Structure formats: C-alpha cells, structure tokens
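Under my numbering, think of the first position of the sequence shown as 4, with each following residue one higher. Every residue, glycine too, gets a C-beta built ideally from N, C-alpha and C. These numbers were taken from a predicted model, which means no experiment stands behind them. Take a look at the structure set out below.
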Amino acid sequence: MKRLLHFLRTVLGLIFLLASFDKLLHPQDFAYIVANYRILPDLLVNPVALFLPWLEFVCGLCLVFNVFSRGATFIITTLMSIFLAALGFNYIRGLDVACGCFTTDPSAQADTAWTLIRDGVIALTSLLVFWLLVLEQRKSR
C-alpha cells in the first residue's frame with residue numbers, strides 16, 4: 004500500500020509541476036486562456052492567472068517531496084473539481100475552449116471532451132491519494 008501511495012503521490016506531484024511551468028513562464032497567455040472560459044469577471048482574471056500556477060507548483064513540490072502531502076492533495080482535489088466544473092460548464096454551453104492545462108500556446112487544439120476525461124482521471128487519482136494519506140495517518144495513531 005505504501006508503494007502505491009508513494010507512486011501515485013509522486014506522479015500526481017509531477018503532473019502538477021509540469022502543468023505549472025508554461026503558465027509560470029507565460030502569465031499573460033494564461034490570463035487570456037482564463038478569460039476565454041468566460042466564467043470569471045474581468046477583475047479576477049489576472050489575479051487567478053498569476054496565483055493558480057504558483058499554487059499548482061507548490062502543491063506539486065509538496066507531493067513530490069512528501070511535505071504537507073495531505074493538504075496539498077486536498078487543494079489539488081479541490082482544484083480538479085473546479086477545473087472539471089469549468090470545463091463541463093463550457094462543454095454544455097457548446098464552447099470548445101483550450102483548457103490551458105499544460106500549455107498556454109494559443110494555437111493548441113481544444114478538445115473539451117478528451118480534456119474532461121483526462122481531468123476526471125487526474126481528479127479520481129487525487130481523491131485516491133488523499134484517501135490513502137488519511138488511512139496512513141489513522142494507522143500511525
């Protein structure tokens with residue numbers, strides 16, 4: 004069980020580290036992607052575009068180095084729920100937006116259906132990691 008937890012925690016951390024890099028390097032492009040979702044008011048687009056990649060980066064580091072893992076996994080699970088809701092909302096509205104998950108390239112192909120499936124798997128993985136971390140803590144008490 005510990006090996007599975009270590010593997011999943013590390014993979015999840017690496018996914019979020021990878022997801023944060025392009026956004027950290029190109030915050031203006033990421034702000035455009037955030038605005039393109041047409042969910043947030045204009046006043047919140049830039050703060051979200053600046054804060055979110057750093058949150059992903061720090062949570063990814065926490066998981067890879069097993070520091071504050073439960074808290075980082077809780078944040079990641081919450082973020083994945085928000086991401087899925089935003090993508091699903093746009094999918095229902097008929098908007099096929101580039102998710103901005105791993106690239107801020109404006110020419111990146113948008114495939115909301117595939118992104119929903121991929122993000123669903125990541126969300127379930129984060130939920131599993133959180134559950135395993137809680138179980139591990141209970142065993143140590």
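Just tell me which of the options has its CA closest to the CA of residue i.
{"i": "residue 61", "options": "20, 12 and 139", "result": "20"}
{"i": "residue 32", "options": "136, 143 and 110", "result": "110"}
{"i": "residue 70", "options": "142, 13 and 105", "result": "13"}
{"i": "residue 72", "options": "16, 124 and 143", "result": "16"}
{"i": "residue 54", "options": "96, 125, 23 and 138", "result": "23"}
{"i": "residue 39", "options": "18, 107, 66 and 137", "result": "107"}
{"i": "residue 74", "options": "8, 126, 137 and 10", "result": "137"}
{"i": "residue 52", "options": "144, 68 and 27", "result": "27"}
{"i": "residue 11", "options": "66, 97, 143 and 92", "result": "66"}
{"i": "residue 181", "options": "45, 143 and 57", "result": "Nothing in the structure corresponds to residue 181, since the chain is present only between 4 and 144."}
{"i": "residue 8", "options": "30, 92 and 128", "result": "128"}
{"i": "residue 30", "options": "46, 45 and 50", "result": "50"}
{"i": "residue 4", "options": "68, 96, 46 and 135", "result": "135"}
Would you grab the beta carbon distance between residue i and residue j for me? Rounded to a whole angstrom, and I think it's under 8 Å.
{"i": "residue 99", "j": "residue 113", "result": "5 Å"}
{"i": "residue 125", "j": "residue 42", "result": "20 Å between Cβ atoms; not a contact."}
With residue i as the anchor, note down where its alpha helix (DSSP H) starts and where it stops.
{"i": "residue 20", "result": "5-28"}
{"i": "residue 62", "result": "45-67"}
{"i": "residue 141", "result": "115-143"}
{"i": "residue 88", "result": "72-95"}
Which residues in the same chain have their Cβ closer than 7 Å to the Cβ of residue i, if we skip the five residues on either side of it in sequence?
{"i": "residue 77", "result": "133"}
So, at 8 Å on beta carbons, what are the nonlocal neighbours of residue i in its own chain, with the 5 sequence-adjacent residues on each side left out?
{"i": "residue 94", "result": "115, 116 and 119"}
{"i": "residue 122", "result": "83, 86, 87, 90, 102 and 104"}
Give a yes or no on whether 8 Å exceeds the smallest Cβ distance from residue i to chain B.
{"i": "residue 77", "result": "The structure shown contains no chain B, having only a single protein chain."}
Cutting at 6 Å between CB atoms, please list the residues of its own chain near residue i, excluding the five before and the five after it.
{"i": "residue 130", "result": "80"}
{"i": "residue 48", "result": "34, 37 and 38"}
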